[in-house]
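Down below is the structure, laid out as structure tokens.
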Amino acid sequence: MAEPKIQNSSPVGESTPRIDAREKVTGAAIYTDDLQFGNALLYARIKRSPHPHALIKKTDVARAKALPGVKAVVTGEDFPGYIGLYLQDRYIFCRDRARYVGDPVAGVAAVSEEIAQKALDLIEVQYEALEPVLDPEAGIRPDAPLLHPDLGKYVVAGFIYPKAGTNISNHFKLRKGNVEEAWDKCAAVIERSYRIPHIQHVPIEPHIAIAKVDERGEVTMWTSSQSPFAQRNLIAQSLGISQSEMRVISPAVGGGFGGKAGVSMESLAVAIATKVKGHPVKLRLTREEEFFTAFVRQGLSAHFKMGCDKNGKLLAMENCFYWDGGAYTEYGVNIARAAGYSCTGPYEVPNVKGDSYCVYTNHPVGGPMRGFGMPEMHAGLEQCMDELAAQIGMDAVEFRKLNCLKTDSILATGGKIHPIGLEECIQKAANAVDWGRKSPASAPNKRRGKGIAAMWKAPAMPPNAGSSAWVELAEDGKVNVGIGGQDIGQGAFTISAQMAAATLGVPYEWVRVAAPVDTRYSPYEWQTVASRLTWSMGNAIVNAAKDVRKQILDLVAEAWDESPDELDIVNGVVISYKSEKETPLKNLVIYGLPNPDGRGWKGGPVIGRGNFMPKDVTGLDAETGQGEHGVVHYTTGAQAVELEVDLDTGRIEILKGVAAFDVGKAINPELVKAQMEGGLVQGISSALLEHLQLKDGFPKNANLVDYRIATSSDIPREMQSIIVEVAQDDGPWGARGIGEHSMVPTIPAIANAIFDAVGIRLEGPPFTAEKIYLAMLDAGIVK
Amino acid sequence: MTSDTHPALPEFEYVQPQTLNEASEFLSNHANEARPFLGGTDVFVRMRDGFLSPKYLVDVKNLSGMSLLTFDPQSGLTVGAAVNMNRIIASPEVQAHYPLLVKACRSVASYQLRTRATIIGNICNASPAGDVIGACLVLGGILHIHGINGSHEENLSAFFLGPGKTTLEPGDIVTAIHFPLPPQKCSGTYIKLGRNQLSDLSIVGVTAFGYKEPTCASGYRFRLALASVAPLPLMPTEVETHLAEHPISAEAIHEAARLASEACTPIDDVRGSARYRKEMVRNLSEKALTEVWKKLG
Chain Z
714 MAEPKIQNSS PVGESTPRID AREKVTGAAI YTDDLQFGNA LLYARIKRSP HPHALIKKTD
774 VARAKALPGV KAVVTGEDFP GYIGLYLQDR YIFCRDRARY VGDPVAGVAA VSEEIAQKAL
834 DLIEVQYEAL EPVLDPEAGI RPDAPLLHPD LGKYVVAGFI YPKAGTNISN HFKLRKGNVE
894 EAWDKCAAVI ERSYRIPHIQ HVPIEPHIAI AKVDERGEVT MWTSSQSPFA QRNLIAQSLG
954 ISQSEMRVIS PAVGGGFGGK AGVSMESLAV AIATKVKGHP VKLRLTREEE FFTAFVRQGL
1014 SAHFKMGCDK NGKLLAMENC FYWDGGAYTE YGVNIARAAG YSCTGPYEVP NVKGDSYCVY
1074 TNHPVGGPMR GFGMPEMHAG LEQCMDELAA QIGMDAVEFR KLNCLKTDSI LATGGKIHPI
1134 GLEECIQKAA NAVDWGRKSP ASAPNKRRGK GIAAMWKAPA MPPNAGSSAW VELAEDGKVN
1194 VGIGGQDIGQ GAFTISAQMA AATLGVPYEW VRVAAPVDTR YSPYEWQTVA SRLTWSMGNA
1254 IVNAAKDVRK QILDLVAEAW DESPDELDIV NGVVISYKSE KETPLKNLVI YGLPNPDGRG
1314 WKGGPVIGRG NFMPKDVTGL DAETGQGEHG VVHYTTGAQA VELEVDLDTG RIEILKGVAA
1374 FDVGKAINPE LVKAQMEGGL VQGISSALLE HLQLKDGFPK NANLVDYRIA TSSDIPREMQ
1434 SIIVEVAQDD GPWGARGIGE HSMVPTIPAI ANAIFDAVGI RLEGPPFTAE KIYLAMLDAG
1494 IVK
Chain Y
86 MTSDTHPALP EFEYVQPQTL NEASEFLSNH ANEARPFLGG TDVFVRMRDG FLSPKYLVDV
146 KNLSGMSLLT FDPQSGLTVG AAVNMNRIIA SPEVQAHYPL LVKACRSVAS YQLRTRATII
206 GNICNASPAG DVIGACLVLG GILHIHGING SHEENLSAFF LGPGKTTLEP GDIVTAIHFP
266 LPPQKCSGTY IKLGRNQLSD LSIVGVTAFG YKEPTCASGY RFRLALASVA PLPLMPTEVE
326 THLAEHPISA EAIHEAARLA SEACTPIDDV RGSARYRKEM VRNLSEKALT EVWKKLG
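Sequence order for the protein chains is Z and Y. Residues 714 to 1496, numbered by this note's numbering, are exactly what the first sequence covers, in order. Residues 86 to 382, numbered by this note's numbering, are exactly what the second sequence covers, in order.
So, in structure tokens, the structure goes:
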């Protein structure tokens, strides 16, 4: 994309202050639960299944309805429509069957949350408990209980392949070269298996939605959301109303991490509201509910086999993933797909057999979480890379550099990779931890180790996920940018303003972003997911700002009788390089300009529009996973850590964490670094602490007492973020995403460092002090 | 863990008596339906979680004398029941004479919670995981208790009967804890092993305290208190005896730590396994006792 003429003081590439910093820091920002609705407001609570798997034989809501203060009680009988993003496999409320502990079976609206809660106890549900599926590999056995007998009838996206009559809701296959023949040519081969547990996003603000249905049936929903437009689309479809009859407003979001993408609990609030027209109905999840009834990151059972020749060149990989998709995999099926086409990691491998299965289980609903399958998949893959390197006698960094994708390398799915700076990332991350040099431990009872891991990730989305934007100006020449993407802390609003300012030629401080996102007034955005906003929405903003710029320059050119090519906008002033005339934007962008002859006016209020949609993504073959251009691009990078293991307790302390990612172009370097640090900390948290413990389908630690996340006291003493910039040809200023990538390689980097320190490897995270200590004890490393 | 979670506290009646006698009388007259509370950091959480649903919550923290923190160079320290942990941590006298108490308080939850949390509350919950109980035990804490028949004192070491169970009778209110002056040359430490660095409950907590004692064969008296490894806060007397009778050395401490590990009876729970806890009692007891011994010189 050609750059517009940009003045020297372009805010792109500058670490401009966050546009939303002041309101968030002072507490002035408005979050969904801050909105006031007056006396008509009702409160909803949800009756949930106490069984991981059961048939619902009978539901009696009469006593609940009779409780004073209760305004409506709804069940699955009331809402026959399916809902789901890639696979429509769930009802809003269970109808005949409950599939996880927490599955909604009924909902209540009442004048207070307390009365709604009391009414739940008065709803009588008769269940017939069924045998649950509690493990994905057990779930694919022919004799496993079938969780979705109607799987073959569900509406499904064209690139998802469910197997009717089984619990497999998607099977992605990758077939390249000939793996079987390749093993004999390998000088070293390893086979390993890993299990990655369920974790949860733990946003500081739990899910909340307030829905109101007016007398005509038009719906308004206020919610903390990454996906107002997808929610409009999916909920409207499920309820049988038109998308234009549904309006979603999303105020400030207190953390998303993927958990507030798609639709989870929002449809419940809307469904209940349809029965109490005129009343806003508020549903907010408790922290406990947040852990097991919103999306969780699905579990993974992964098997890797890989081999290389005597020089260390990778020859073959045979990787098989079984995703513990949970009760409904409407979103999770695409995580399995993403892991499938990315199964080699960021390496060139001539012979590949990859299978990625999304499997129904009676566990909480798996959904998108920062990384979308990549942290889970890389956790094992990048440990295998270390082990294979060791077996062939190569340094882990040299081994990765030898095999990693370089510009024009052939991808496992066919086609070539675009220009990338992965090798540079690996080397810079290694250098930053003095790779190859063993530093002494800080105490006699400590052991020190270093580890590195590389990664790749593409935006996983439909091939034609679109963005749009508008740009308008006020009388003072200042700018309002309309976008449908959400700021979930990553800084989307800030870079939107930077890009609009840079394209247009006005100071950054002149730009506002039209928030909150409101599907009635904001332009369409598919979802705030996949680390796609800077790239996709950024392109739409640039296009909208260019449209404005063209309108202004055409107007002034005509008025001055000059060519628009000789004009520019610098610091909010239109200037002519030819005549050296100048005029400020203010006034002319609303009132236009008088004709030179004094008769009439030119122009009018300026408003620009722009959109962006990838148009060159090809499909991947259902049997081989091959395709010329299966994804829009890959962001790649590496992390390295240095840590100490305490031999007395098994506790790990991360001394230094380094991230190096090729972001194409850092629109705002400090925000990019903030993403790298934040992702590293969340990665450390998932590596050392996080595990949603599920026993027989029941969550055991669905609270902040026993589900630990890293606090400010747990972060590394030293963090370093290294920005590598190899431009993306279709990115604004060359930018591509970084939001998710920064937590992808953390688990294996830490695992490799633990091995370096004490010589043990575990089946999977979290690498708790207890697991490390007992493994050292069993290995005789401690007594 | 069930599928039901509660968005709010259950209904209760808030009672604010004006005198200790009134409070004891009310609590005694409503023995099964009233609970006293101080900071509320435990009771409100347990009420919201559905484990407690008292009809009456009796606010005793404003009663006379409950907020006093007094140090007497002759008799020692008295901490009123309503004195929050941040006040204890900030007190120059506690810092000077009872640094172990400061260290134990600092390990509890977060700064914000410590502005509500109290030592007496921690003790009366009688959780085996209580972080400050160990320090109070090894420092020889004596509870001041007000009941319907007047006031009495009780040694903390005899106070605990089981998880959540104490010797308190209906109407009893612990008004303060008193600590005698510690021995001239003494030292103590608290090692808390949580899952992460900040604000966790302990997987294992080890309190060690020691001082020079010429009447012991070894010349030292050590006390050890263990958290989260038995139904009660545990003071393994084997350790005390061993270190009183054997010359203090790395080997003697190693053996004492082994005895501590043998004495505890931990369980598997969501925070840690019994096996790991026994190992940690041994390792951390050795570390804590060694640290105390080194400081005593």
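The beta-carbon is built from N, C-alpha and C at its ideal position, and this holds for glycine as well. Quick caveat, the model's predicted, so the values are computed rather than measured.
- In this structure, Z:E1100 is the residue among Z:A1227, Z:G1106, Z:E1100 and Z:E1295 with its C-alpha nearest to the C-alpha of I1473 of chain Z.
- In the three-state reduction of the DSSP assignment, P121 of chain Y falls in the strand class.
- Looking at Y:P267, Y:P351 and Y:N147, the one whose alpha-carbon comes closest to that of A220 of chain Y is Y:P267.
- Taking a contact to require three or more Cβ pairs closer than 8 Å, the region 1473 to 1488 of chain Z and the region 332 to 351 of chain Y do not qualify as touching.
- Around the beta carbon of V1344 of chain Z, 16 or more other beta carbons lie within 10 angstroms, which makes this residue buried.
- R1421 of chain Z reaches chain Y at G279, R280, N281 and D285, counting residues in chain order whose Cβ is nearer than 9 Å.
- C-alpha of E893 of chain Z to C-alpha of L887 of chain Z: approximately 14 Å in a straight line.
- Residue environment: A1492 of chain Z is assigned as exposed (fewer than 16 neighbouring CB atoms within 10 Å of its CB, all protein chains considered).
- The CB of K372 of chain Y comes closer than 7 Å to the CB of D1361 in chain Z, given here in chain order.
- Counting of Cβ neighbours within 10 angstroms places V355 of chain Y among the exposed residues, the total staying below 16.
- With three or more CB-CB distances shorter than 8 Å, the region 192 to 208 of chain Y counts as touching the region 162 to 174 of chain Y.
- Sixteen is the threshold: when 16 or more other Cβ atoms of the shown chains lie within 10 Å of the Cβ of N1465 of chain Z, as they do, the residue is buried.
- In the three-state reduction of the DSSP assignment, F1480 of chain Z falls in the coil class, being assigned neither a helical nor a strand state.
- Inside the region 934 to 971 of chain Z, DSSP marks whole alpha helix (DSSP H) runs of 4 or more residues at positions 941 to 952, from first to last along the chain.
- When CB distances to chain Z are screened at a threshold of 7 Å, not a single residue of the region 302 to 323 of chain Y falls below it.
- H237 of chain Y counts as exposed, since fewer than 16 other C-beta atoms from the protein chains shown sit within 10 angstroms of its C-beta.
- Contact annotation, G1251 of chain Z with I1208 of chain Z: C-beta distance approximately 7 Å; criterion of less than 8 Å satisfied.
- For I1254 of chain Z, the enclosing alpha helix (DSSP H) starts and ends at G1251 to W1273.
- For E347 of chain Y, the uninterrupted alpha helix (DSSP H) segment begins and ends at A335 to A348.
- Under DSSP, F1411 of chain Z forms a beta bridge with Z:K1408.
- Residue state for M132 of chain Y is assigned as helix, using DSSP reduced to three classes.
- Boundaries for R1150 of chain Z: no alpha helix (DSSP H) harbours it, and the DSSP string shows neither H nor E there.
- The region 268 to 287 of chain Y makes no contact with the region 124 to 142 of chain Y, as fewer than three CB pairs between them are under 8 Å.
- Of Z:I962, Z:Q944 and Z:Q839, the smallest CA-CA separation from I954 of chain Z is found for Z:Q944.
- By the Cβ test, the region 1326 to 1340 of chain Z is not in contact with the region 1103 to 1122 of chain Z, since fewer than three Cβ pairs between them sit closer than 8 Å.
- Under the Cβ criterion of 8 Å, T1481 of chain Z is counted among the residues facing chain Y.
- For N368 of chain Y, the nearest beta carbon of chain Z is closer than 8 Å to its own beta carbon.
- At least one CB atom of chain Y sits nearer than 8 Å to the CB of E826 of chain Z.
- R1262 of chain Z counts as buried, since no fewer than 16 other beta carbons sit within 10 angstroms of its beta carbon.
- Here A974 of chain Z is actually not in contact with A924 of chain Z; their C-beta atoms are around 18 Å apart, not less than 8 Å.
- For V1418 of chain Z, the nearest CB of chain Y lies under 8 Å from its own CB, placing it at the interface with that chain.
- Close CB contacts of R343 of chain Y within its chain, under the 7 Å cut and outside five residues either way in sequence, are with R367 (chain order).
- The Cβ neighbour count for V1418 of chain Z, taken over all protein chains shown within 10 Å, is under 16; the residue is labelled exposed.
- DSSP places R308 of chain Y within a strand segment (E or B) once states are collapsed to three.
- For A93 of chain Y, the residues of chain Z that pass the 7 Å Cβ criterion are E826 and E827, in the order they occur in the chain.
- Per DSSP, D1099 of chain Z is one residue of the alpha helix (DSSP H) stretching across M1087 to I1105.
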